[in-house]
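The sequence shown begins at 10 in my numbering and counts up by one.
Heads up, the thing below is written out as structure tokens.
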Amino acid sequence: MDRSLQQVNTILNLAKLTESDIKKESHVLQFVPQIYDSKQVKLLEVSKDTLEYLNSGECLFIKGSEDDHVIICSNSNTFELKEAETSNSMLLMPSLLQGKLLEDTGSRTLMQQEVFGVYHTYYEMRLTRPKLQSLRNALAKYPYKGKNSEVIKEAVGLSFTELKTMIQASEEEIINRLQEMPAAKVKGKWRLLDVGFLFGWVSYLDSILREKQLSLKEVTQPNVENWMGLYDTEDVNAKCMSLFMEVDGSSLRWKSEAVSQLFALYLLPELRAFDSKDFFTVWQQSMPVGVMTNEEHLNGVALVDYDSSPSLVKYLPEFELPEEINERLGILFRNRTKWTLQSITPYVQPLTDNNLNVAALLTKYARSSTINGVKYYSSKY
Numbered sequence: 010m011d012r013s014l015q016q017v018n019t020i021l022n023l024a025k026l027t028e029s030d031i032k033k034e035s036h037v038l039q040f041v042p043q044i045y046d047s048k049q050v051k052l053l054e055v056s057k058d059t060l061e062y063l064n065s066g067e068c069l070f071i072k073g074s075e076d077d078h079v080i081i082c083s084n085s086n087t088f089e090l091k092e093a094e095t096s097n098s099m100l101l102m103p104s105l106l107q108g109k110l111l112e113d114t115g116s117r118t119l120m121q122q123e124v125f126g127v128y129h130t131y132y133e134m135r136l137t138r139p140k141l142q143s144l145r146n147a148l149a150k151y152p153y154k155g156k157n158s159e160v161i162k163e164a165v166g167l168s169f170t171e172l173k174t175m176i177q178a179s180e181e182e183i184i185n186r187l188q189e190m191p192a193a194k195v196k197g198k199w200r201l202l203d204v205g206f207l208f209g210w211v212s213y214l215d216s217i218l219r220e221k222q223l224s225l226k227e228v229t230q231p232n233v234e235n236w237m238g239l240y241d242t243e244d245v246n247a248k249c250m251s252l253f254m255e256v257d258g259s260s261l262r263w264k265s266e267a268v269s270q271l272f273a274l275y276l277l278p279e280l281r282a283f284d285s286k287d288f289f290t291v292w293q294q295s296m297p298v299g300v301m302t303n304e305e306h307l308n309g310v311a312l313v314d315y316d317s318s319p320s321l322v323k324y325l326p327e328f329e330l331p332e333e334i335n336e337r338l339g340i341l342f343r344n345r346t347k348w349t350l351q352s353i354t355p356y357v358q359p360l361t362d363n364n365l366n367v368a369a370l371l372t373k374y375a376r377s378s379t380i381n382g383v384k385y386y387s388s389k390y
């Protein structure tokens with residue numbers, strides 16, 4: 010049993026002592042309440058791992074606002090706080106002396122013991138999914154459209170310190186999401202890279218490759234860095250390369266799905282819906298050399314409505330949907346009544362945690378049915 014639980018058990022056991030039990034103690038504790046505001050101190054139950062983390066000198070950070078639930082973070086994890094009740098009173102003391110249980114000898118020693126507070130509730134820490142959609146929303150207020158579009162010379166955007174204060178997630182979780190999403194540091198501040206800028210970046214590199222009659226596989230990373238040096242800053246170019254390219258031995262190749270999704274995000278917003286036949290033609294024609302589109306690449310970005318006439322491709326990016334599971338599923342099922350697990354996964358995956366994966370969430374919040382051997386999910390109501 011770890012030390013924190015031993016202390017709690019000791020407090021609970023003391024609270025249950027009867028008068029006859031007290032007479033058998035070698036030291037009788039005289040509880041003396043102090044002038045102390047117990048509302049300023051809260052009791053927190055922690056796991057063995059968290060206790061070791063704190064004993065190593067690390068800190069826990071409490072985050073929240075009037076509009077959000079309070080959460081608590083370590084350097085790498087996010088926890089929700091849940092208030093729990095005890096059936097006994099817990100006493101908060103600066104120290105605690107435990108006497109050995111002896112036979113009743115008729116002599117007792119009276120000792121004074123300070124009591125800072127009496128508690129009937131404490132807080133539990135439960136590992137939870139960090140709220141990271143707010144990270145994109147915060148950075149979206151500072152879109153980056155390229156160095157030639159910058160009007161203000163001073164740095165704009167958000168520092169990492171500001172992001173840690175604003176976002177209800179741990180430092181490690183924020184860093185990981187920044188690496189995954191189209192965001193980069195410009196003059197020391199984090200900005201969201203505009204879709205139009207990203208489309209222009211990929212198209213510009215593709216035009217160079219076409220002019221030189223080369224495919225991306227035939228060039229190296231230093232080649233790309235040199236060609237794109239005039240287009241934008243080194244940090245921004247490096248982020249674009251990580252988003253849309255992968256190293257294949259000594260050469261590069263396009264990430265087909267990432268490039269296809271980028272071009273779909275660029276083509277669709279103006280109309281919100283596009284005749285599917287026209288869209289698939291334009292979509293493929295706009296691709297860089299060597300990139301082939303696939304309807305599955307639209308998962309999480311858009312959906313194809315084959316029930317309408319003519320069939321339509323509808324703009325529906327995951328990052329614009331609410332984080333609350335019922336609200337999100339409500340929007341998805343209004344746009345399409347039945348979804349396969351593969352097509353709905355990109356929309357539900359960001360809401361999963363250590364306890365519930367995509368299938369478990371859909372089992373809990375949606376209805377499943379099987380048609381011609383294929384499993385579909387639809388609204389429960």
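The beta carbon of each residue, even a glycine, is placed where N, CA and C say it ideally should be.
Could you give the residue range of the alpha helix (DSSP H) that holds residue i?
{"i": "residue 97", "result": "Taken as a continuous stretch (DSSP letters only), residue 97 belongs to no alpha helix (DSSP H), being part of the beta strand (DSSP E) at 87–101."}
{"i": "residue 343", "result": "334–344"}
{"i": "residue 228", "result": "Unbroken run through residue 228: none, as it is neither H nor E."}
{"i": "residue 387", "result": "Here residue 387 belongs to no alpha helix (DSSP H); instead the beta strand (DSSP E) covers 383–388."}
{"i": "residue 275", "result": "265–276"}
{"i": "residue 217", "result": "204–220"}
{"i": "residue 190", "result": "Looking at the DSSP string, residue 190 is not in any alpha helix (DSSP H), and its letter there is neither H nor E."}
{"i": "residue 250", "result": "243–253"}
{"i": "residue 354", "result": "350–357"}
{"i": "residue 279", "result": "No alpha helix (DSSP H) contains residue 279, which DSSP labels as neither H nor E."}
{"i": "residue 240", "result": "Looking at the DSSP string, residue 240 is not in any alpha helix (DSSP H), and its letter there is neither H nor E."}
Which residue wins for smallest C-alpha separation from residue i, given the options the options?
{"i": "residue 288", "options": "277, 388, 237", "result": "277"}
{"i": "residue 326", "options": "290, 300, 273", "result": "273"}
{"i": "residue 340", "options": "66, 311, 361, 249", "result": "311"}
{"i": "residue 66", "options": "56, 84, 279", "result": "84"}
{"i": "residue 105", "options": "119, 124, 91, 88", "result": "124"}
{"i": "residue 159", "options": "206, 182, 386, 331", "result": "206"}
{"i": "residue 68", "options": "168, 77, 180", "result": "180"}
{"i": "residue 214", "options": "292, 229, 236, 204", "result": "236"}
{"i": "residue 80", "options": "128, 140, 61", "result": "140"}
{"i": "residue 101", "options": "70, 118, 126, 253", "result": "126"}
{"i": "residue 182", "options": "144, 103, 57", "result": "144"}
{"i": "residue 334", "options": "354, 197, 161", "result": "354"}
{"i": "residue 390", "options": "251, 374, 360, 165", "result": "374"}
{"i": "residue 92", "options": "82, 78, 232, 86", "result": "78"}
{"i": "residue 359", "options": "170, 161, 347, 338", "result": "338"}
{"i": "residue 96", "options": "241, 74, 128, 82", "result": "128"}
{"i": "residue 170", "options": "232, 161, 184, 369", "result": "184"}
{"i": "residue 241", "options": "252, 195, 220", "result": "195"}
{"i": "residue 58", "options": "86, 121, 52", "result": "86"}
{"i": "residue 217", "options": "232, 166, 203", "result": "232"}
{"i": "residue 191", "options": "251, 363, 121", "result": "251"}
{"i": "residue 146", "options": "90, 203, 94, 361", "result": "203"}
{"i": "residue 98", "options": "130, 164, 88", "result": "130"}
Please classify residue i: is it buried, with 16 or more other beta-carbons within 10 angstroms of its beta-carbon, or exposed?
{"i": "residue 239", "result": "exposed"}
{"i": "residue 270", "result": "buried"}
{"i": "residue 342", "result": "buried"}
{"i": "residue 378", "result": "exposed"}
{"i": "residue 385", "result": "buried"}
{"i": "residue 149", "result": "exposed"}
{"i": "residue 371", "result": "buried"}
{"i": "residue 328", "result": "exposed"}
{"i": "residue 308", "result": "buried"}
{"i": "residue 50", "result": "exposed"}
{"i": "residue 290", "result": "exposed"}
{"i": "residue 55", "result": "buried"}
{"i": "residue 383", "result": "exposed"}
{"i": "residue 229", "result": "exposed"}
{"i": "residue 31", "result": "Because the pLDDT at residue 31 is just 30, under 50, the model does not fix this residue reliably, and the value given afterwards should be weighed accordingly. Residue 31 should be labelled exposed."}
{"i": "residue 357", "result": "buried"}
{"i": "residue 330", "result": "buried"}
Hey, could you find the ends of the beta strand (DSSP E) residue i is sitting in?
{"i": "residue 380", "result": "375–380"}
{"i": "residue 312", "result": "311–314"}
{"i": "residue 284", "result": "282–284"}
{"i": "residue 70", "result": "70–72"}
{"i": "residue 121", "result": "118–124"}
{"i": "residue 151", "result": "No beta strand (DSSP E) holds residue 151; DSSP gives it neither H nor E."}
Since residue i and residue j should fall inside the 8 Å C-beta cutoff, what is the C-beta to C-beta distance between them, to a whole number of angstroms?
{"i": "residue 151", "j": "residue 193", "result": "About 11 Å; that fails the 8 Å criterion."}
{"i": "residue 300", "j": "residue 268", "result": "5 Å"}
{"i": "residue 336", "j": "residue 142", "result": "About 12 Å; that fails the 8 Å criterion."}
{"i": "residue 313", "j": "residue 305", "result": "Actually they do not touch by this definition, with Cβ atoms about 10 Å apart."}
{"i": "residue 199", "j": "residue 166", "result": "5 Å"}
State yes or no: is the C-beta of residue i nearer than 6 Å to some heavy atom of the ligand ZN?
{"i": "residue 127", "result": "Summarising the ligand content, the structure contains no ligands, and the ligand ZN is consequently not present."}
**Request:** Indicate whether the contact test is met: 3 or more Cβ pairs, each with one atom in the stretch 283–297 and one in the stretch 317–324, closer than 8 Å.
**Result:** Contact holds: three or more Cβ-Cβ distances are below 8 Å.
**Message:** Check whether the stretch 257–269 and the stretch 167–178 touch, using three or more Cβ-Cβ pairs below 8 Å as the test.
**Reply:** When Cβ pairs closer than 8 Å are counted between the two stretches, the stretch 257–269 is seen not to touch the stretch 167–178, the count staying below three.
**Message:** Does the contact criterion of 3 or more C-beta pairs under 8 Å hold for the stretch 223–242 versus the stretch 127–135?
**Reply:** In short, these stretches do not touch, since the Cβ pair count stays below three.
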